[in-house]
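Below is one structure, written out as structure tokens; the observations come after it.
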Amino acid sequence: MPNRTLKTIKFRNIDRAYQLAKERYASLGVDTEKALKQLARISISIHCWQGDDVGGFENAGQALGGGLAVTGNYPGKARTPYELRADFEQVMSLVPGRHRFNLHASYAEMDGKKVERDELTAGQFKNWIAWAKSLGIGLDFNQTYFAHPKVVGGVTLTSRDAGTRQFWIEHGIRCREIGAAIGKTLGKTCLTNLWIPDGTKDTPADRRGPRERLLESLDAIFKKRIDRKYNVDSVEPKLFGIGAESYTPGSHEFYLGYAVSRKILLTLDAGHYHPTEGIADKISSVLCYLPEMALHVSRGVRWDSDHVVTLTDELQAIAQEIVWGGYIDRVRIGLDYFDASINRVAAWVIGARNMVRALLLALVAPIEQLKQFEAEGDFTSRLALMEDAKTLPFGAVWDYYCGQKGVPAGETWLAEAKRYEETVLSWRV
Ligand code: RNT
Ligand code: ZN
0 MPNRTLKTIK FRNIDRAYQL AKERYASLGV DTEKALKQLA RISISIHCWQ GDDVGGFENA
60 GQALGGGLAV TGNYPGKART PYELRADFEQ VMSLVPGRHR FNLHASYAEM DGKKVERDEL
120 TAGQFKNWIA WAKSLGIGLD FNQTYFAHPK VVGGVTLTSR DAGTRQFWIE HGIRCREIGA
180 AIGKTLGKTC LTNLWIPDGT KDTPADRRGP RERLLESLDA IFKKRIDRKY NVDSVEPKLF
240 GIGAESYTPG SHEFYLGYAV SRKILLTLDA GHYHPTEGIA DKISSVLCYL PEMALHVSRG
300 VRWDSDHVVT LTDELQAIAQ EIVWGGYIDR VRIGLDYFDA SINRVAAWVI GARNMVRALL
360 LALVAPIEQL KQFEAEGDFT SRLALMEDAK TLPFGAVWDY YCGQKGVPAG ETWLAEAKRY
420 EETVLSWRV
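Letter by letter, the sequence shown follows residues 0 to 428 of numbering that gives the first Met the number 0.
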């Protein structure tokens with residue numbers, strides 16, 4: 000059968016399955032058309048660093064450090080900004096919706112010159128900005144406090160050495176300015192997210208000193224007023240990392256207090272808490288005090304905080320909190336994972352499609368009905384419907400959405416990713 004006929008049959012089947020699913024959902028008071036429209040408006044910030052193992056382009060040869068570890072050596076990693084951009088364009092063609100791209104300062108393009116991290120300007124990101132503009136997508140940004148010789152003894156903004164602190168403070172300021180330039184040029188507010196690796200392997204004698212130095216350093220970074228139309232700032236807590244198992248100055252309590260008192264955003268990373276502690280339940284608490292927050296959606300597995308995002312209960316709980324809590328416009332959803340043991344483009348796509356899928360699942364849940372049962376004190380019906388909702392014909396709605404957005408439905412995206420691997424990635428040696 001010619002390929003085109005096969006495709007038409009597939010589309011017809013997707014459409015038929017969707018019409019039946021739509022009726023089934025409608026019987027529970029769910030308007031799938033409305034859900035699809037809401038979903039199309041949600042833009043996820045997809046991280047640049049899945050494409051090249053958090054390598055960046057500014058400092059070839061410098062070990063990653065900072066407690067970050069990328070395992071695997073699957074061939075085809077992006078070696079240049081051009082390759083990374085091409086790879087991401089491939090990702091975009093396989094993920095439904097219009098999304099953002101999240102850059103790290105270490106992805107600066109130096110044009111043959113050496114520009115230190117405390118000297119960076121938007122000039123080193125002009126190709127990224129022009130590229131994003133040409134695609135009509137937004138950019139987000141991150142200070143890079145790792146993979147650098149000035150991360151001495153695993154510390155940056157908490158260093159005892161005033162010169163080291165000053166270097167990293169200046170980096171922090173520069174990045175906020177770059178964020179503002181990005182936001183201004185693209186006409187879409189940039190989120191600049193700050194995470195530092197600082198911490199100690201073993202029990203410290205002084206927990207107070209590093210925290211007070213961090214507070215001072217942060218105040219110096221955020222002192223300069225930047226128009227929130229162009230750039231908003233966020234800070235990202237962490238419980239522990241490799242080599243920083245016993246103490247992390249930038250803990251959850253530290254940054255929650257900081258974000259609330261300084262009126263900036265807080266980034267919750269799903270892999271930054273105790274292994275059994277989720278971030279979903281934290282969202283409605285944080286948003287009692289902050290107008291807006293950010294997420295690094297990730298998947299923790301034992302010691303690692305950055306496995307490819309899969310459709311876990313935790314991911315669904317996060318999406319439910321955002322959607323059911325009415326927080327779609329107050330949560331900046333970002334992704335944060337890196338896997339070098341499988342096709343990197345496919346890894347990118349799997350995680351991103353799962354994020355979108357989880358949001359759609361939450362959007363088509365019979366939440367009004369569930370809330371009504373709860374209000375009436377009928378917890379039996381609430382639990383029963385929550386469980387039955389899990390096997391509603393969701394796949395048909397998802398496939399239809401993919402079709403609507405012109406990306407492959409179901410599992411068919413993988414053939415495209417494989418074709419890209421064969422024609423592009425496998426030639427990189
Ligand atoms: C590290 C943090 C941080 C990084 C990226 C590369 O534990 O999650 O967000 O993963 O900045
Ligand atoms: Zn993170």
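Glycine is no exception: its CB is placed at the ideal position from the N, C-alpha and C atoms.
Residue i versus the options, residue with shortest Cα-Cα distance
i, options, result
"residue 335", "72, 178, 43 and 11", "43"
"residue 261", "232, 275, 89 and 119", "232"
"residue 68", "74, 53, 75 and 107", "53"
"residue 91", "422, 386 and 405", "405"
"residue 190", "138, 278 and 159", "138"
"residue 281", "301, 61, 88 and 330", "330"
"residue 223", "206, 174 and 255", "174"
Same chain only: Cβ atoms within 6 Å of residue i, ignoring 5 sequence neighbours per side
i, result
"residue 194", "235"
"residue 84", "130"
"residue 366", "323"
"residue 216", "156, 164 and 168"
"residue 351", "45 and 94"
"residue 307", "336, 338, 346, 349 and 350"
"residue 29", "363 and 365"
"residue 16", "395"
"residue 378", "none"
"residue 299", "270"
"residue 34", "362 and 363"
Where residue i falls: helix, strand or coil (DSSP)
i, result
"residue 101", "strand"
"residue 303", "strand"
"residue 79", "coil"
"residue 283", "helix"
"residue 30", "coil"
"residue 246", "strand"
"residue 331", "strand"
"residue 232", "strand"
"residue 398", "helix"
"residue 354", "helix"
"residue 139", "strand"
"residue 267", "strand"
"residue 298", "strand"
"residue 275", "coil"
"residue 256", "helix"
"residue 90", "helix"
"residue 192", "strand"
"residue 251", "helix"
Contacts around residue i, its chain only, beta-carbon distance under 7 Å, and the 5 residues preceding and following it disregarded
i, result
"residue 199", "243, 245 and 246"
"residue 271", "236, 237, 238 and 304"
"residue 408", "13, 398, 401 and 402"
"residue 219", "168"
"residue 23", "391 and 392"
Distance cut-off 8 Å: residue i Cβ against heavy atoms of ligand 1
i, result
"residue 76", "no"
"residue 66", "yes"
"residue 297", "yes"
"residue 270", "yes"
"residue 167", "no"
"residue 313", "no"
"residue 234", "no"
"residue 281", "no"
"residue 237", "yes"
"residue 306", "no"
"residue 53", "yes"
Cutoff 8 Å; reference residue i; Cβ partners in own chain excluding five residues on either side
i, result
"residue 385", "369"
"residue 74", "424, 425, 427 and 428"
"residue 441", "Outside the displayed range of the chain (0 to 428) lies residue 441, so it cannot be described from this structure."
Practice item. Count the C-beta pairs between the stretch 207-219 and the stretch 245-256 that are closer than 8 Å, then say yes if the count reaches three, no if not. Key: yes
Point to revise | Contact between the stretch 120-131 and the stretch 178-195 (3+ Cβ pairs under 8 Å) | key: yes
Review point. Three or more C-beta pairs closer than 8 Å, one from the stretch 274-286 and one from the stretch 323-338: is that the case here?
Key: yes
Review point. Got a list of residues with beta-carbon closer than 5 Å to any non-hydrogen atom of ligand 3, in chain order?
Key: Annotation note on ligand 3: not contained in the displayed structure, which lists ligand 1 and ligand 2 as its ligands.
**Study point:** Inter-stretch contact at 8 Å, needing at least 3 Cβ pairs: the stretch 387-395 / the stretch 72-83
**Key:** no
Check your understanding: Are there three or more Cβ pairs, one per stretch, closer than 8 Å when the stretch 130-149 is compared with the stretch 94-110?
Key -> yes
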